[in-house]
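Mapping of the sequence shown onto numbering that gives the first Met the number 0: residues 0 to 389, in sequence order.
Beta carbons: idealized from backbone N, C-alpha and C, even for Gly.
As the structure is a prediction and not an experimental result, all values here were calculated from the model.
Report on the following structure.
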Amino acid sequence: MNSSISHLGYVRETWGHMSAVSGFDALFTALKAQHSAEVCDLPLPPEPPAPGMGRRLYAKARRLAGLERPAASAPSPFVGLRHEKAAVKLLRFLREHPSALALLSAGENQLGATLCQAPEELQQRLVVCFHQPPSWHRLHWQQPATYGRLGGIITLCEEQRAFFEGQTNRPVLKINHGVDLSFFRPGSATPSVSPRLLFVGQWLRDFTTLAESMELIWQWRLDVTLDCVVPRGARNSDALMRLARDQRVRWHAGLSAEELRSLYQNATLLFLPVVDATANNAVIEALASGLPVVSSDAGGLQDYLPTECGLLAQSYNAKAHADAVRSLISTPVAMAAARQKCREQAITHLDWQQIAGDLWRNLRHLAQRSNQATESPALAASQPACAGTI
């Protein structure tokens, strides 16, 4: 392999509960615009195939790709048949292009049994982005040895990077999760007289602290309202049922990207208690929209939320979260300054174009390192693991 990277393969995935302009997929669009390598773009099908025929076609595809061994169990519970089918195509691409690298956009979903059984030479040309925090990997990842067979790992926060560096001596990069700055932007609406809080999402959200905090907030100020953007299928929670009894809470699901943007633009504050996090789409979309944030001091949120853009409260502590909300919305001058700082933070650190350019330079470094490993293992071992933090 040479450091020019003649071909680059992507496995891309989007999720139905997220808006069309949210999420990680925009990185690949930005990468494609910045490098000269030929691209094999492998978007995953939105739905899994029918079980009977799909499995027969999958088995045939494995045989045609030279993967005769029966499929072992995947290291992650998120891996499905459609991910394994995409892996067969990706391995064919790597075999056809010996100087290619391949990127997996979500390792917890896409690094399945097919890729883990592939020859070591092919696995070492995989660069995998992981999205889940270390706590999730400790609970659910079944084969930690797979980390050490990859060409590189991409992480989204410092805590996550430290975790993977403790698991493997393979290169570990840290990038920021970006946001579409042209779409998520501040609105022109005058801030509401009555504070309007916004809660967005379902994954690793702390619904209990949300409900308990709102009870305390309402004891302080009765006119605070809450907009909750939670998929209908994720509302089976006693804490959310308690919130739903209050008419000051408005519920949203199935929103268009424009409707979601309008909620960010018209809110006073993003209020987002979480259990854990690496990057968080709601937080970065709020920052791009000029919306200050109160969330939990958990995982990677410190990497994304400087103190001038909001507050991080002690995890699972409802009073600390309520006090943080009260502190911010009680100081209009500080809130106005925070709104400006939020947008500046997003422009400076969360621009996909800048992130893609830095990542491309790191990928070229990984390609060079892999080439050195093939020609001289001793020389490769003397090289730094990666080109630096992005």
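Item: CA-to-CA distance, Q141 to S75, given in whole angstroms; Value: 6 Å
Item: K420 classed as buried or exposed, judged by whether at least 16 other C-beta atoms fall within 10 angstroms; Value: Residue 420 falls outside the range modelled here, since the chain spans only 0 to 389, and no answer is possible.
Item: Entirely enclosed beta strand (DSSP E) segments - the region 200-229, minimum 3 residues; Value: 224-228
Item: From F270, Q122, Q116 and L304, residue whose alpha carbon lies closest to that of L100; Value: Q122
Item: Nearest neighbour of F92, chosen from L125, C115 and Q116 [CA to CA]; Value: L125
Item: Three-state class that DSSP yields for A105 in the structure shown; Value: coil
Item: V38: first and last residue of the uninterrupted beta strand (DSSP E) it sits in; Value: E37 to P42
Item: Coil, strand or helix - I4 by DSSP; Value: coil
Item: Exposed unless 16 or more other CB atoms sit within 10 angstroms - verdict on W135; Value: buried
Item: Inter-residue CB distance, L420 and G147 (contact presumed, cutoff 8 Å); Value: Nothing in the structure corresponds to residue 420, since the chain is present only between 0 and 389.
Item: Nonlocal neighbours in the same chain, by C-beta distance under 6 Å from A287, ignoring five residues either side; Value: V178, L180, F183 and A345
Item: Nearest-angstrom Cα separation, counted from T207 out to S326; Value: 21 Å
Item: G309 and V332 closer than 7 Å at C-beta; Value: no
Item: Cβ distance (whole Å) where A337 is taken to contact S212 below 8 Å; Value: Their Cβ separation, rounded to whole angstroms, is 19 Å, which puts A337 and S212 out of contact at 8 Å.
Item: Selection from D237, R342, P133 and R160 that minimises the alpha carbon distance to L209; Value: D237
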